[in-house]
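K.L.:
So the sequence lines, in the order shown, correspond to chains A and B. In terms of the working numbering, the first sequence has 183 at position 173, counting the first letter as 1, and numbering is strictly consecutive. In terms of the working numbering, the second sequence has 205 at position 195, counting the first letter as 1, and numbering is strictly consecutive. In this text, a Cβ means the ideal position worked out from N, Cα and C, and glycines have one as well. Note that the structure is a prediction, hence the values are computed from the model and not measured.
Protein chains: 2
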Amino acid sequence: MTKIKAAKNSSKKDVIINKAAALFRTKGFIATSMRDLADAVGVEAPSLYNHIGSKGEILTVICFKVADSFNKQLEDTESENWNAAEKIENIIRFHITMMVNNFNEVFVANNEWKYLEDPFLQTFLNQRRAYEKRLITLIETGIKKNKFKVINPYVAVLTLLSAVRGLGFWQKNNKNINAKELEDDMVNHLISGLIK
Amino acid sequence: MTKIKAAKNSSKKDVIINKAAALFRTKGFIATSMRDLADAVGVEAPSLYNHIGSKGEILTVICFKVADSFNKQLEDTESENWNAAEKIENIIRFHITMMVNNFNEVFVANNEWKYLEDPFLQTFLNQRRAYEKRLITLIETGIKKNKFKVINPYVAVLTLLSAVRGLGFWQKNNKNINAKELEDDMVNHLISGLIK
DNA sequence: CCTACCGATCGGTAGG
DNA sequence: CCTACCGATCGGTAGG
Chain A
11 MTKIKAAKNS SKKDVIINKA AALFRTKGFI ATSMRDLADA VGVEAPSLYN
61 HIGSKGEILT VICFKVADSF NKQLEDTESE NWNAAEKIEN IIRFHITMMV
111 NNFNEVFVAN NEWKYLEDPF LQTFLNQRRA YEKRLITLIE TGIKKNKFKV
161 INPYVAVLTL LSAVRGLGFW QKNNKNINAK ELEDDMVNHL ISGLIK
Chain B
11 MTKIKAAKNS SKKDVIINKA AALFRTKGFI ATSMRDLADA VGVEAPSLYN
61 HIGSKGEILT VICFKVADSF NKQLEDTESE NWNAAEKIEN IIRFHITMMV
111 NNFNEVFVAN NEWKYLEDPF LQTFLNQRRA YEKRLITLIE TGIKKNKFKV
161 INPYVAVLTL LSAVRGLGFW QKNNKNINAK ELEDDMVNHL ISGLIK
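1. Rounded to a whole number of angstroms, what is the C-alpha to C-alpha distance between N93 of chain A and I201 of chain A?
2. Could you tell me the distance, in whole angstroms, from the CA atom of R103 of chain A to the CA atom of A95 of chain A?
3. Can you confirm whether M11 of chain A, when its beta carbon is compared against all beta carbons of chain B, has any partner nearer than 8 Å?
4. Does any residue of chain B have a CB that is nearer than 8 Å to the CB of E96 of chain A?
5. Taking Cβ positions only, does G203 of chain A come closer than 8 Å to chain B?
6. Indicate the three-state DSSP secondary structure (helix, strand or coil) for F158 of chain B in the structure shown.
7. How long is the line joining the alpha carbons of T70 of chain B and T87 of chain B, rounded to whole angstroms?
8. Contact criterion: CB-CB distance below 8 Å. Does N93 of chain A meet it with respect to chain B?
9. For the stretch 96-124 of chain B, enumerate the residues whose C-beta is nearer than 9 Å to any C-beta of chain A, in chain order.
10. Any beta carbon of chain B sitting closer than 8 Å to that of D195 of chain A?
11. Can the beta-carbon of L177 of chain A be found less than 8 Å from the beta-carbon of M109 of chain A?
12. Return the residue from the list B:I72, B:T147, B:K154 that minimises the CA-CA distance to L131 of chain B.
13. Alpha carbon to alpha carbon, what distance is there between K82 of chain B and V76 of chain B?
14. So with Cβ pairs under 8 Å, would you call I187 of chain B a contact of chain A?
15. Within the stretch 21-70 of chain A, note down every full alpha helix (DSSP H) run reaching 4 residues or more, in order along the chain.
16. According to a CB-to-CB cut-off of less than 9 Å, which residues of the stretch 148-178 of chain B neighbour chain A?
17. If you draw a straight line from the alpha carbon of L39 of chain B to that of F158 of chain A, how long is it in whole angstroms?
18. Between L84 of chain B and Y141 of chain B, how many whole angstroms is the CB-CB distance? I'm expecting something under 8 Å.
19. Looking at the structure shown, is I187 of chain B part of a helix, part of a strand, or coil, going by DSSP?
20. Straight-line CA distance for I106 of chain A to N198 of chain B?
21. Output, in sequence order along the chain, the residues in the stretch 34-51 of chain B whose CB is closer than 9 Å to any CB in chain A.
22. Using a Cβ-Cβ cutoff of less than 6 Å, which residues in the same chain neighbour A55 of chain B once the five nearest sequence positions on both sides are dropped?
23. Please report how far the alpha carbon of Q137 of chain A lies from the alpha carbon of H61 of chain B, in whole angstroms.
24. Using a Cβ-Cβ distance cut-off of 8 Å, determine whether E191 of chain A contacts chain B.
25. Whole angstroms is fine: what's the gap from F134 of chain B's alpha carbon to A166 of chain B's?
26. Let me know if T147 of chain B comes out buried or exposed under the rule of 16 or more other beta-carbons within 10 Å of its beta-carbon.
27. From A:N112, A:R35, A:G203, pick the residue whose C-alpha is nearest to that of S79 of chain A; which is it?
28. One question on the structure: do A189 of chain B and A173 of chain A come within less than 8 Å of each other, judged by their Cβ atoms?
29. In or out: T36 of chain B buried (at least 16 other Cβ within 10 Å) or exposed?
30. Which value, in whole angstroms, describes the spacing of the CA atoms of E150 of chain B and Y164 of chain B?
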């Protein structure tokens, strides 16, 4: 009985979080009111609090859901028997795929994380720094093995992450390019700029 | 007499706009209250309205100041007698320089423009689309002249602009890399990924 | 440039 | 899940 109730709550909670991700992306976290969200869900504002604890909790769930996805993928990639260039390419492709398939949530995690409350804000920033550090290590490996140009690895990571992040502006207004072409061209541009 | 008064007003207005740009960057436009801004300027909130018409006007001034800078620079670059690669490199360097030297305002124009009110919002978006289109034309020229790889020019522009935009995350927390190295490495990465 | 203040809206609670 | 409602804060105005 508790299980069923938990399942039901979790399902409605998912709806709320999905609607919230869409609103947070278009309007921003602060500019989205709980009444906006309630309208989107189809209930009155106070009813939302049967499923979530606070507005901030929704943002926390979204940001860490995205962070967990990226962390898990990076772990998987690191354990593969690939060279540095292959690993970097794999990660870039994952970033692009996530941007295309989970656009709202990734955009919110990228642009609204600053409204996280402590201690979540600190945890999020720590995780992001750790993620970047592991990418830097990958770049350094490629440089050491004489496969990559000698450039500042931090700048390389910044360039890669920023480029894929910018996909947020590939709004669907450009119908004449598909996701596959986008991904291949961007990967080509970024990887060939890196390789010796 | 009117001139002196105008000069004084303009000077105080500049202070307000600079403080606002810093606050809008760190807290976001919506989350920055006029009382926050008044505190930063050193007056009471209602006094701000002797210098500016509304909170929205401040954002408008910031966004179009940045847009005008980029438009002017692009016009200058286009009229130079350079090849496509040189022009693109010049523009990337300008973007990076703007990001480093006018960080607050560029960041705000990049991230908070969605809170512009009509008709300014539409004008801003139109200008941005026109800017991107001119960059696309530059890339197409390079491809046609067999200097650039055959990739989707829109994706190339997206990659370039996104990468320099991401400099917003090069907060000053990385003291061990200077602006010049950052600029050269990023330009190298992006341009060599583009050239045949 | 300030004090005093306004109507609107915010996130959230009480109680059923 | 709803109605009724709360204290806090918002952008901005009146008036001097």
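P.N.:
Inspection of the coordinates gives the following:
1. Going from the Cα of N93 of chain A to the Cα of I201 of chain A covers about 13 Å.
2. 12 Å
3. Note on M11 of chain A: pLDDT 34, under 50, position unreliable in the model; the coordinate value appears next. No, because no Cβ of chain B sits closer than 8 Å to the Cβ of M11 of chain A.
4. Chain B, which has no Cβ nearer than 8 Å to the Cβ of E96 of chain A, makes this no.
5. yes
6. strand
7. 26 Å
8. no
9. Answer in chain order: N121, E122, K124.
10. yes
11. In this structure, M109 of chain A lies closer than 8 Å to L177 of chain A by Cβ.
12. B:I72
13. 10 Å
14. yes
15. 44-51
16. K159, I161, N162, Y164, V165, A166, L168, T169, L170, L171, S172, A173, V174, R175, G176, L177, G178
17. In the sequence under discussion, the amino acid at residue 39 of chain B is Phe, which differs from the Leu named in the question. Approximately 41 Å between the Cα atoms of the pair.
18. 6 Å
19. coil
20. Taking the straight line from one Cα to the other gives about 22 Å.
21. T36, K37, G38, F39, I40, A41
22. M44, R45, A48
23. 43 Å
24. yes
25. 22 Å
26. Counting the other Cβ atoms within 10 Å of the Cβ of T147 of chain B gives fewer than 16, which makes it exposed.
27. A:N112
28. no
29. It is exposed - the Cβ of T36 of chain B has fewer than 16 other Cβ atoms within 10 Å.
30. 9 Å
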